Amino acid sequence: MTAVQQSDVIVRPRPARRTRTHLPGRRAAYGYILPFFLVFAAFSVYPWLDTAWVSLHDTRLSTYDQSSWIGLENYRNLLTNHFFWNAFRNTITIGIISTVPQLCMALGIAHLLNYRLRGRTFFRVAILMPYATSLAAATVIFAELFDPNLGLVNWALHTVHLPTVDWQGSKWPSQIAVSTIVTWRWTGYNALIYLAGMQTISTDLYEAAAMDGAGRWAQFRHVTLPGLRPTILFTIVVSTIGAAQLFGEPLLYHNGLPDGGTQGQYQTLGLLMYQQGWTNDRLGLASATAWTMFLIIVAAVGVNLWLSRRRERHERRPGGRRRHGVVTAGVPEVTAR
Amino acid sequence: MNGGVLKGSRTTYALVCLITLVSVFPLYYTIVMASHTNAEMAASTPPILPSLSFFDNMKKALELAPLNQGLVNSLIVSGTITFGTVALCTLAGFAFAKLRFRGANILLAICIATMMVPLQMGVIPLYMLMARLGLAGHLTAVVLPSLCTAFGVFFMRQYISSAVPDELIEAAFMDGASSLRVFWSVVVPAARPAMAVLAMLTFLTAWNDFFWPIIVLSTQNPTVQVSFQSLATGYAPQQSIIMAGTLYGTVPVLLVFALLGRQIVGGIMQGAVKG
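In order, the protein sequences belong to chains A and B.
Okay, so the first sequence: first residue is -17 according to the working numbering, each after it adds one.
Okay, so the second sequence: first residue is 199 according to the working numbering, each after it adds one.
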């Protein structure tokens, strides 16, 4: 500590961090954060608010500035439109098929990687390869693997004497195929996030549990899972947001067309919005879809948070299931997706 | 704490190897698919090894889709975004971590909240904005919105808060250094590891970005991801050509990943627990 600081403490016996207020750099700080807020205001806030405004108009690309006010007509149109409800249902089903198995597998993989393994860096890098593969490349590759006539998947089914599947034309198979692309790309990434969370759990807890006679499965359930709870919640929220916006996979799975299959069997809300806006030139309607998607995301995230909070409360209640007192040092932060 | 709790059994190794295989096999099989005709792939026992016709197919793919232009454009876009993001986010992260100013907490909260707003929300006005600025179809339109991310600001703030001692910064101020000088000679050297991690993650994200580029760019001036679309839209007579083109556009980033994989893994795991 310098003499200046000590005298300062004597004059004003307050917490030490106060000293920084009269250091230089206060005004400059605004300058340092300005670029972020400028970018954010110009390319996030303004478009976000303007989308709401556009959604109340009948807007075309060519006459963008002279669009006419139609109130909530776009929303009425949307909610009575079976294309919307089809895309809505598909977004939910694909969302479930692509995230639930994915996160469960990621948890299992993280558990495996948490053992002491030889060559563990190699394994970690290998399972992250799909994440490094771009969405576009992965989709083009999987579209070929799932090709009904030439694809490896149907060949394998045929080889083991199972009936081959129309992975493009039929509803559930095509949704499963699209979900497989998402799962392949993100499982390893989420596994590493879980692994990072697992490594913050103290080994003492495992030793204590083992001494209480807990087997490996019991240790996983009563030590690992509670310790990972914040991390799991975080991955669920991020995956939900990603699933609600699913766009590239179903677009490229059908030759780059936004109709999501010949009968729209895997058209998602993201695709529908793209189709309304850029194919059909109904920008107002597309904006209404965008805001509806946003509200769906907010609702979905809200439900997730509410469920987890309720669970937490339930388990804290006397008489509820006993929780091991894991100190969750690793509160996760949002990671770029 | 890298060792894990228990030693892996043989089953553990078998499972981990299986997972590795599932992760890598589609990429390997792309090479196989890229070197065989449709007829060969449809045979009752499809090939499992690549062949030299791969290079032929790659040539055909290059005639079909502007892949080279896409690669150059992607390099420009991702490089600029990475440079801008690392510079601006480190600066903003420094301000939030070490400088006291009025409204700092509220501004930081706003910054974090913006991570929740989905990008697709604003694409229509964003496109119109770029069109009015005369930037539609230009690489600048892809670079500008990603020039500084909330994630980056938060990531750098977390790192600088814990990695740079307050005493060091205070001492520098006592010596009469300006805050920019403190940033340059104290904070940047100390924050270099985090800057490297942020750079790798940003580059990967920018390189693989698809949604916004496909809206604002055309196949006349594409990033590599956009140029894949010209492959996928079905003018290719043989799937081998599509596969060869996809591989051609993917291999550069996979090579970089293979070289820096360890650091990227570390960065993702670090990002997950730094609270």
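For every residue, glycine included, the Cβ atom is placed at its ideal position computed from N, Cα and C.
Please read these numbers as outputs of a predicted model, since none were measured by experiment.
query: Given a cut-off of 8 Å, decide if B/F252 and B/I229 are closer than it, judged by their beta-carbon atoms.; result: yes
query: Bridge partners of A/R98, per DSSP?; result: B/K205
query: Could you name the residues of the same chain whose beta carbon sits closer than 8 Å to that of B/N406, not counting the 5 residues immediately before and after it, in chain order?; result: Q423, V451
query: Residues of the stretch 349 to 369 of chain B in Cβ contact with chain A at a cutoff of 9 Å, in chain order, please.; result: F349, G350, V351, F352, F353, Q356, D364, E365, I367, E368, A369
query: Can you find the residues in the same chain that come closer than 8 Å, C-beta to C-beta, to B/T280, ignoring five residues on each side of it along the sequence?; result: A397, T400, F401, A404
query: Would you mind telling me which residues of chain B sit closer than 8 Å to A/T73, beta carbon to beta carbon, in chain order?; result: Within chain B, no residue comes near A/T73; the closest Cβ sits about 12 Å away, beyond 8 Å.
query: Which value, in whole angstroms, describes the spacing of the CA atoms of B/G206 and A/Y97?; result: 5 Å
query: Taking 8 Å as the cut-off, does the stretch 68 to 88 of chain A touch the stretch 371 to 388 of chain B (at least 3 CB pairs, one atom from each stretch)?; result: no
query: Per the DSSP calculation, A/S50 is bridged to which residue(s)?; result: A/D40
query: I'd like to know whether the C-beta atoms of A/L267 and A/L60 end up nearer to each other than 8 Å.; result: yes
query: Report, in whole angstroms, the separation of the C-beta atoms of B/A339 and B/M328, which I expect to be a contact under 8 Å.; result: 4 Å
query: What are the residues of the stretch 215 to 228 of chain A that lie near chain B, defined by any Cβ-Cβ distance shorter than 7 Å?; result: I223, Q227
query: Give a yes or no on whether 8 Å exceeds the smallest Cβ distance from A/M111 to chain B.; result: yes
query: Which same chain residues end up closer than 8 Å to B/I412 when comparing Cβ atoms and leaving out the 5 residues on each side of it in sequence?; result: Q423, V424, Q427
query: Please confirm whether A/P83 has its beta-carbon closer than 8 Å to some beta-carbon of chain B.; result: no
query: Quick one: which chain D residues come within Cβ less than 7 Å of A/V285?; result: Absent from the structure is chain D; the protein chains it does hold are A and B.
query: Assess, as a yes-or-no matter, whether the stretch 245 to 262 of chain A is touched by the stretch 22 to 38 of chain A under the definition of 3 or more beta carbon pairs within less than 8 Å.; result: no
query: List, in chain order, every chain A residue whose beta-carbon is nearer than 9 Å to that of B/I304.; result: By Cβ distance, chain A contributes nothing, its closest Cβ being about 12 Å from B/I304, past 9 Å.
query: Does the CB of A/D32 have a neighbour CB from chain B at under 8 Å?; result: yes
query: For A/A119 versus B/T448, is the C-beta spacing smaller than 8 Å?; result: yes
query: What in chain A is Cβ-close to B/K257, meaning under 7 Å?; result: Within chain A, no residue comes near B/K257; the closest Cβ sits about 18 Å away, beyond 7 Å.
query: Under 8 Å, CB to CB, which of the residues in the stretch 265 to 276 of chain A have a partner in chain B?; result: L265, A268, S269, A272, W273, M275, F276
query: Please tell me whether A/L289 has its Cβ less than 8 Å away from any Cβ of chain B.; result: no
query: Give the interface partners of B/A240 over in chain A, defined as CB-CB distance under 8 Å, in chain order.; result: N131, L132
query: In this structure, how does DSSP classify A/D186 when only helix, strand and coil are distinguished?; result: helix
query: At the 8 Å Cβ level, is B/L402 part of the contact set with chain A, yes or no?; result: yes
query: Which residues in chain B have a C-beta closer than 9 Å to the C-beta of A/G170? List them in chain order.; result: I217, S221
query: Label A/N131 either buried or exposed according to how many other C-beta atoms from any shown protein chain fall within 10 Å of its C-beta, with 16 as the threshold for buried.; result: exposed
query: In chain A, what lies closer than 7 Å to B/L225 by C-beta?; result: M111, T115
query: Grab the span of the alpha helix (DSSP H) containing B/F355 for me, first residue to last.; result: Residue identity differs from the one stated: residue 355 of chain B is Arg in this sequence, not Phe. Its alpha helix (DSSP H) spans residues 348 to 361.
query: Exposed or buried, which one is B/Y226 when buried takes at least 16 other CB atoms within 10 Å?; result: exposed
query: With the cut-off set at 8 Å, would you say A/Y57 and A/A270 are in Cβ contact?; result: yes
query: Using CA atoms only, rank isn't needed, just tell me which of B/T444, B/R298, B/K257, B/F408 is closest to A/E126.; result: B/T444
query: Between the C-alpha atoms of B/M256 and B/M354, what's the straight-line distance to the nearest angstrom?; result: 41 Å
query: Quick check on A/L174: buried or exposed, where buried means 16 or more other Cβ atoms within 10 Å of its Cβ?; result: buried
query: If you scan the stretch 365 to 450 of chain B from start to end, which runs of the beta strand (DSSP E) of 3 or more residues do you find wholly inside it?; result: none
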